[in-house]
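Residue numbers (the working numbering), protein chains in the order written: chain A, 1382 to 1673; chain B, 1382 to 1673; chain C, 1382 to 1673; chain D, 1382 to 1673.
As structure tokens, then:
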């Protein structure tokens, strides 16, 4: 099967008939439509090809076309995140992906705008008017080819050391449909599924591998070329066709030409939504100023 | 017609029967095959869809896969460039494209490794052991959306000021075939054709717009998604299909997942070949050291 | 004389007695103090060591310490710029300096946040709701060592091509006092003086070299080590001392350790002030969104 | 006492009489002079202000002035490293510092050129002709202000997970003398001392905190402004003078104006020396190619 998607909402489209163990509902925040899919049991997980958990998908105005920062979208994302992120305890935020490859750089770029606060304590915090902040640690672990380590190994090692209550991972995703690139944000409490992501295929990063809740936030930034080919022709490419689409076995990806605008706006949007969810003692405007 | 290519060798493949006004020959340097196509008259230009001029295409080992710098390929490119670049006078090298978009960043990244020497004169040059260098100026003019100016306007303005004997432009290209991404270098004395390039479509930059020879060097780094779709189906996409491939009119591009490796190696290869062609008083090893 | 400063207000401090041909006044915008020095004739120019013109200096809260974007400071700068920038005609904004050296990167980083609008015309502008914008072109010309060209040559060449009504140059400056690093913005209609700036010493860029008004905006980001030494000892360093401060003739500079925060905030502040002065049809909030 | 230095060789200069517990010898490799200081006991540690261990200091041609990569220096460093790095077992290389601040970016930039090999195993390695490589993991952990975590915590967490035989940390250093900036490489088996480094002052990272050998490699890239002031005047600055040198308590640093060239060349030199020491099955030229 050549349709590759990291989005639960697209997996659902591909199997609309499989209702068992999959529940869904919709919500609206002004112009933002939110779809909440819950995989409630193993049957649902098998039919959807996604682990048990909540999958919240927000449809937002296209990030590569719209005229700037969308505070309405940020607020909608933040409110939905409130349901996924544990209320108490330290949080470790990890921006996954390769900062040197534009469509894979969402995680590192978002991480660079997450307010790291774990070290701001005691007198320092008071003097800066920053007491009452939730303790947040931030990491951009890089990718396997740069580090020789699986991202999950790095996060597990650090989590064992600093013992956060939960991990939030931010990652660029692959979608089935080109129309969803930069128009969709997926938030889930099921972590990172094996094989997802843009650059290196990820190993699983989840509560079952780390022992603590893993909230994953992603934006689709690529469609795999083989998925597009399948979609256009409606059938598996034969081996000759496949060698045209992936010459010498090279993976090919499809992205908008304005991918850099898409990535920097997605990073700004998601980091702001996460900061708002984590730091309730500061207003959105104060948070925006602190990271600028 | 939905096949978009900046490569003369691919335009030739699409119209193999149109022999009038188009001549071609092959050469070999070790493992490197070089194809030289010459468009000799207007008939050839119309049939090929490329202006009159020489188009030299080198087939090189895949930049995103091979294990490092390929000095054999660099030497082959340098020797072919010797035939295109005027022997005397100052040279202006311009790296076209957007440094923030990986597949469009070939030009700026190559420009950052071109040895700028125009200011190294007199005693300074002698003291540094660098007298006898050819005078070279280097520019990364950015793209229309960043500057509000056409790249050709910027180059024309600077060329009018510093009066080089020729301009060398380095640019990322679009090809017809995915298999050519990162495996091909095109060098031409016909400059930049209207509508070529990856990011913003370029306006013409050539001897007829600048009044001096314009040598263009490019590597294909993307295939347009519409070209891939045409290629797969063998027919024009209808409007429904088109709106799937280019949702909301967004241009979509296909690149290798290892595009960052491809770009940095292509930039190193081309800048070294240009440096070797321009600075005959230094050895390839000395030049490599000076830019590291 | 070993005191090096690009600030008129510091030149004035060094020669407080020389009142001839130099006028000054103060203004306040909330917490922001603005000092306006006018060099009215050649006598003033000689005594101050700065060309005839207006020098507006705003004292702002320390950029490397304050907790984020300071919209009060931005508004004060914007209002003062209104007096310096011609009301009509196209504007060329040039961000001087080397993007790879943090204390010299103010110009390029500010330029990347200036709204380029010269190409947004006709139907495109209307569709984007952006008709009525002032036409602005933007450039980051790099430095002599990268390009082989004087910055002034590049700007002159482009200005001759696109014929703006005025040029605005943004540059990092050297100051006499460490306490002014990141706490001062200087705006002048006298352009760039010979020998000013952080990285390469600039050649003059002014109305007399370009034929059109040149407004220069700068923030001190470094103190030269020899200036600090002179200041500490109150006398010229002898040759032995000098060879300790500038071993092998290497220029040494003093900067805050938080220089990266200083630079990115200064770039955000100045670009926003310039955007507000140039685009009166948009609100500060709309402008902030368009560049984010 | 206001003299701040991370170099054992400078601590030795400051206390030449304290011979107890400190041994030293010299060696030469062509133009490169190497000084080996060994702190043999607690008395030596107290007198030198450096922990017990070997401190190897190589005097190399100035990185910001010399004309390119210095393979003689690389070979000398690599040979000295052979004595410090354990012969067997996995190695974790960590590039300390802030990639956004030029003088503090040595660690991250060197790390990006260290060959990560831990994941290249089995068939993959054989196919790539890379079997027989030593297993190396690489990390750029960022700084406290970005992550909210001490660098030592991050390294400890990951080391506990992947269990390397030793850690190599690469870091920018502060020196006493301006003449040593970019002319000196220090290699030690005593790890990172508390308070060393350029940006954030480091906590100790050593065998006693990690339980495995920690080899630290550093190049001085800054002199603290207070150290320069002390050196010039020969006495502690009084509080008025201090408030001029560190206005509002801001730490000020002195660097060469050509700091970006210094950093990129130091990163290339040190990463190559480390790669050569770690990967004996590949030649220096093969290693150079693999990271380009």
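Idealized CB from N, CA, C, for every residue including glycine.
Residue i, buried or exposed, once every other Cβ within 10 Å from all chains shown has been counted against 16
{"i": "residue 1508 of chain A", "result": "exposed"}
{"i": "residue 1602 of chain C", "result": "buried"}
{"i": "residue 1505 of chain A", "result": "exposed"}
{"i": "residue 1560 of chain A", "result": "buried"}
{"i": "residue 1432 of chain D", "result": "buried"}
{"i": "residue 1677 of chain B", "result": "The question about residue 1677 of chain B has no answer, for chain B in this structure spans 1382 to 1673."}
{"i": "residue 1387 of chain B", "result": "buried"}
{"i": "residue 1557 of chain C", "result": "buried"}
{"i": "residue 1451 of chain C", "result": "buried"}
{"i": "residue 1468 of chain A", "result": "exposed"}
{"i": "residue 1395 of chain C", "result": "exposed"}
{"i": "residue 1666 of chain B", "result": "exposed"}
{"i": "residue 1529 of chain C", "result": "buried"}
{"i": "residue 1479 of chain C", "result": "buried"}
{"i": "residue 1422 of chain A", "result": "exposed"}
{"i": "residue 1544 of chain A", "result": "exposed"}
Residue i - partner residues in DSSP beta bridges
{"i": "residue 1435 of chain D", "result": "D:1419"}
{"i": "residue 1552 of chain A", "result": "A:1599"}
{"i": "residue 1409 of chain C", "result": "C:1414"}
{"i": "residue 1473 of chain B", "result": "B:1518 and B:1548"}
{"i": "residue 1637 of chain D", "result": "C:1633"}
{"i": "residue 1621 of chain C", "result": "Its beta-bridge partners do not exist; DSSP assigns none."}
Residue i at chain A interface by Cβ criterion, 8 Å
{"i": "residue 1394 of chain B", "result": "no"}
{"i": "residue 1403 of chain D", "result": "no"}
{"i": "residue 1648 of chain D", "result": "no"}
{"i": "residue 1491 of chain B", "result": "no"}
{"i": "residue 1590 of chain B", "result": "no"}
{"i": "residue 1613 of chain B", "result": "yes"}
{"i": "residue 1609 of chain B", "result": "yes"}
Residue-level contact to chain B via CB, residue i, 8 Å cutoff
{"i": "residue 1616 of chain A", "result": "no"}
{"i": "residue 1653 of chain C", "result": "no"}
{"i": "residue 1498 of chain C", "result": "yes"}
{"i": "residue 1601 of chain A", "result": "no"}
{"i": "residue 1483 of chain A", "result": "yes"}
Minimum Cβ-Cβ distance from residue i to chain C less than 8 Å
{"i": "residue 1671 of chain A", "result": "yes"}
{"i": "residue 1635 of chain D", "result": "yes"}
{"i": "residue 1630 of chain B", "result": "no"}
{"i": "residue 1638 of chain D", "result": "yes"}
{"i": "residue 1487 of chain D", "result": "no"}
Distance between beta carbons of residue j and residue i, contact taken as under 8 Å
{"i": "residue 1436 of chain B", "j": "residue 1569 of chain B", "result": "5 Å"}
{"i": "residue 1440 of chain A", "j": "residue 1418 of chain A", "result": "Actually they are not in contact, since the Cβ atoms of residue 1440 of chain A and residue 1418 of chain A sit about 13 Å apart, beyond 8 Å."}
{"i": "residue 1550 of chain D", "j": "residue 1573 of chain D", "result": "6 Å"}
{"i": "residue 1610 of chain A", "j": "residue 1613 of chain B", "result": "5 Å"}
{"i": "residue 1641 of chain D", "j": "residue 1483 of chain D", "result": "6 Å"}
{"i": "residue 1647 of chain D", "j": "residue 1600 of chain D", "result": "5 Å"}
{"i": "residue 1477 of chain B", "j": "residue 1488 of chain B", "result": "4 Å"}
Cutoff 8 Å: residue i Cβ touching any chain D Cβ
{"i": "residue 1413 of chain C", "result": "no"}
{"i": "residue 1387 of chain C", "result": "no"}
{"i": "residue 1625 of chain C", "result": "yes"}
{"i": "residue 1477 of chain C", "result": "no"}
{"i": "residue 1619 of chain C", "result": "no"}
Along the region 1549-1569 of chain B, what residues have a CB closer than 7 Å to any CB found in chain A?
-> 1559 and 1560
Short-range partners of chain B found in the region 1512-1534 of chain C, where Cβ spacing is below 9 Å = 1516, 1517, 1518, 1519, 1520, 1521, 1522, 1523, 1525, 1526, 1527, 1528, 1529, 1530, 1531 and 1534
Pull out every residue of the region 1436-1468 of chain B whose Cβ sits closer than 9 Å to any Cβ of chain A, in chain order.
-> 1443, 1445 and 1446
Using Cβ-Cβ distances below 9 Å, what residues of the region 1536-1547 of chain B are close to chain C?
-> 1537, 1538, 1539, 1540, 1541, 1542 and 1543
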